[in-house]
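Chemist: So in the working numbering, spot 334 of the sequence shown is number 340, and the numbers just go up one at a time.
No residue lacks a Cβ here, since even glycine has one placed at the ideal position from N, Cα and C.
Mind looking over this structure? Questions follow.
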Amino acid sequence: MKSCSQNTAKGKKVFIQTYGCQMNEYDTDKMFEVLRHENYFHTDSQEDADLIILNTCSIREKAEHKVYSELGRLRDLKTANPELKIGVGGCVAQQEGEAILRRDSNVDFVFGTDNLFELPRMLRKVHKGEKITKTQRYDRQKVRNFIPEYTYQKLQHSGIKAHLTITKGCNNYCSFCVVPVTRGLEVSREPDQIIAEAERLVSTGTREICLLGQNVNSYKANGVDFVELLQRLDKLDGLQRLRFTSPHPKDFHEKLADAIASLPSLCEQLHLPLQSGSDRVLRRMRRWYTMETYYQKVAMLRERLPNATLSTDLIVGFPGETDEEFEMTIEAVRKIRFDLIYSFKYSPRPGTRAANYPGHLSESVKSERLKILLEIQEKIVREKFQALVGTEQEVLIEGNHHRKANTAAGRTRGNHPVFIKNSTKKAGDLMTVLITKANQNSLEAVPSSAIYSPGI
Ligand code: 5AD
Ligand code: SF4
């Protein structure tokens, strides 16, 4: 979680709990920014807070449950401090709206994914004792400018790494996914607005930007497409690294593969969600690609960059998935050898097509399939991490090891976490390291030769 200020002298204190994806983390940052203008300051302690906001996620059932159990825990705080205000934002709020107020009388306000800039107005009403629900969607033009006047004001230090949303919403309606319901249809932000936000981030110390969108590579605004946007961002002075997540395989083309291979700041890393290794399941998921085309896309990347990091999302136990179809996912994992997999048990989501498909599988079948997948992937990751030992890598330092002295922590261009022994480098420095050891989830290294150290 990020702070909006260290100074708590006069203002009120806000605690924001973020669930789910990077898009929500980004929205949380924006909430802090909006609230800072209302004289709210960040606190790490719920007990200290005058305002608690839960920025929720509804992508899977488990994520949604967490929100309701957290609200249950907050009941005691509200009893102890009746002045405490509690708000629920994000995807659960968008979908459930007023029902949250009915379900939990301690909640004061509920706001949707388009409405975070209305927080000041909502809070004024809440302080007058009103209960508020604000989940309306805005028309295209308003959403285009969904980060209005605050965009151009200088942030306090914004961190070595930052997220930057370039599109919101999604038009794909994959049959399992609730995002088009909770985030609405896809809207691309104006390129000039994105560049201005990136410039502002770099001017306050950011060295790495990760562009966010549900389907980033279908970005198009004012005649500028995704690759052209990347080209413009790549030219920014002081921006060392650029990443993006997530592209849809159906929109991954040669032009983007060329950009990853040629733009200096764009890291050699791709997250390409596969979801399933079976064509029949992919069709029923409404993913609009086949395994043959997916393999071609992987080849497109690896022909240009054989060592690029490739990660993916996979769902096991989709309705009607047979043993053979699950085996096809395993086969794809074995063949492609992803560096990282985010794997999920299928979870029916209200308002999605797949929720009404026949053939829902039992929890135990889903768990068993997930276990098999994780075991196979664990071995692949171990081998791939081991293969990095002895190589030289460029690392962007993000800080120090939380326990070990003289040990810097950072990431490679491929996004592998690395700890560098005997390093005096500071956050924001770039350095070349020699990888000396592979642990389960991280690499160890020693300094090679410093190539750049601007300090901050
Ligand atoms: N059940 C399980 N996993 C899901 N995802 C999205 N919706 C569901 C669902 N209903 C996964 C997909 C997606 C990632 C962000 O979450 O793999 O790529
Ligand atoms: Fe959901 Fe599919 Fe859109 Fe991704 S592309 S956000 S999985 S609907």
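Just mark Y348 as buried or exposed, buried being the case when its beta carbon has 16 or more other beta carbons within 10 Å.
Modeler: So Y348 ends up on the exposed side.
Chemist: Does the Cβ of F182 lie closer than 7 Å to at least one heavy atom of the ligand GTP?
Modeler: Ligands in the displayed structure: the ligand 5AD and the ligand SF4; the ligand GTP is not one of them.
Chemist: Could you spell out the range, first to last residue, of the beta strand (DSSP E) harbouring Y46?
Modeler: Taken as a continuous stretch (DSSP letters only), the beta strand (DSSP E) holding Y46 covers 46 to 48.
Chemist: For the ligand 5AD, is there a heavy atom less than 7 Å away from the beta-carbon of Y32?
Modeler: Incorrect: Y32 has no Cβ contact closer than 7 Å to the ligand 5AD.
Chemist: For a test of your reading of the model: does the CB of P465 fall under 7 Å from any non-hydrogen atom of the ligand 5AD? Yes or no.
Modeler: Because the chain spans 7 through 462 in this model, residue 465 falls outside it and cannot be assessed.
Chemist: Could you tell me the distance, in whole angstroms, from the CA atom of D114 to the CA atom of L80?
Modeler: Approximately 12 Å, taken between the alpha carbons.
Chemist: If you count every other CB in all the chains shown that lies within 10 Å of the CB of K84, and 16 or more means buried, which is it?
Modeler: By the 10 Å Cβ count, K84 comes out buried.
Chemist: Mapping DSSP to helix, strand and coil, what is P154?
Modeler: Residue confidence for P154 is low, a pLDDT of 46 falling below 50, so the modelled location carries little weight; the figure read from the coordinates is stated next. DSSP places P154 in coil when its eight states are reduced to three.
Chemist: Just to confirm, are I321 and L394 a CB contact at a threshold of 8 Å?
Modeler: It is not a contact, given that the beta carbons lie outside the stated cut-off.
Chemist: Suppose the cutoff is 6 Å on Cβ atoms and the five residues either side in sequence are ignored; what does the same chain contact list for N121 look like?
Modeler: Contacts found: K140.
Chemist: I'd like to confirm the pairing. Which residues does DSSP put opposite S194 in its beta bridges?
Modeler: Note: S194 sits in a beta bridge opposite T173.
Chemist: Can you determine whether any heavy atom of the ligand SF4 sits closer than 7 Å to the C-beta of N45, and answer yes or no?
Modeler: False, no ligand heavy atom lies under 7 Å from that Cβ.
Chemist: Among the residues of its own chain, which have a CB less than 7 Å from the CB of N428, if the five just before and after it don't count?
Modeler: Excluding sequence neighbours, N428 sits near N412, V452, P453.
Chemist: What span of residues does the beta strand (DSSP E) with I138 cover, start to end?
Modeler: Segment 138 to 140, the beta strand (DSSP E) holding I138.
Chemist: Check each candidate in F324, A86, N362 and name the one with the smallest Cα separation from R286.
Modeler: Of the listed residues, the one whose Cα sits closest to R286 is F324.
Chemist: So is S181 buried or exposed if we call it buried at 16+ other beta carbons inside 10 Å?
Modeler: Counting Cβ neighbours within 10 Å, S181 comes out buried, since at least 16 surround it.
Chemist: Please classify V20 as buried or exposed, where buried requires at least 16 other C-beta atoms within 10 Å of its C-beta.
Modeler: The residue in question, V20, is buried, as its Cβ has 16 or more Cβ neighbours within 10 Å.
Chemist: Is the beta carbon of R417 less than 8 Å from the beta carbon of L402?
Modeler: Yes.
Chemist: Should Y156 be labelled buried (16 or more other beta-carbon atoms within 10 Å of its own) or exposed?
Modeler: Caution applies to Y156, whose pLDDT of 45 falls short of 50 and renders its modelled position unreliable; the value that the coordinates give is listed next. Burial call: exposed.
Chemist: With DSSP as the reference, identify every bridge partner of K418, one or two as the case may be.
Modeler: Reading off the sequence shown, one finds Thr at residue 418, where the question assumed Lys. Partner(s): V401.
Chemist: Which runs of the alpha helix (DSSP H) fall wholly inside the region 70 to 129 and span at least 4 residues, in chain order?
Modeler: 96 to 102, 104 to 109, all fully within the region 70 to 129.
Chemist: Are at least three pairs of beta-carbons, each pair with one atom in the region 24 to 37 and one in the region 51 to 70, less than 8 Å apart?
Modeler: Taking 8 Å as the limit for Cβ pairs, the verdict is that the region 51 to 70 does touch the region 24 to 37.
Chemist: Shortest alpha-carbon distance to G211 belongs to which of N445, H48, A433, P423?
Modeler: Minimum Cα distance to G211 is reached at A433.
Chemist: Straight-line CA distance for N445 to R375?
Modeler: Near 26 Å, if we compare the C-alpha coordinates of R375 and N445.
Chemist: Going residue by residue through the region 286 to 317, where are the continuous alpha helix (DSSP H) segments of at least 4 residues, counting only ones entirely within it?
Modeler: Runs found: 297 to 310.
Chemist: Is Y179 near the ligand SF4 - that is, is its Cβ less than 7 Å away from at least one heavy atom of it?
Modeler: It does: the Cβ of Y179 is within 7 Å (strictly closer) of some heavy atom of the ligand SF4.
Chemist: Determine the DSSP secondary structure at L236, reduced to helix, strand or coil.
Modeler: In this structure, L236 counts as helix in the three-state DSSP scheme.
Chemist: Return the first residue and the last residue of the beta strand (DSSP E) that E450 is part of.
Modeler: Note, E450: beta strand (DSSP E), 449 to 453.
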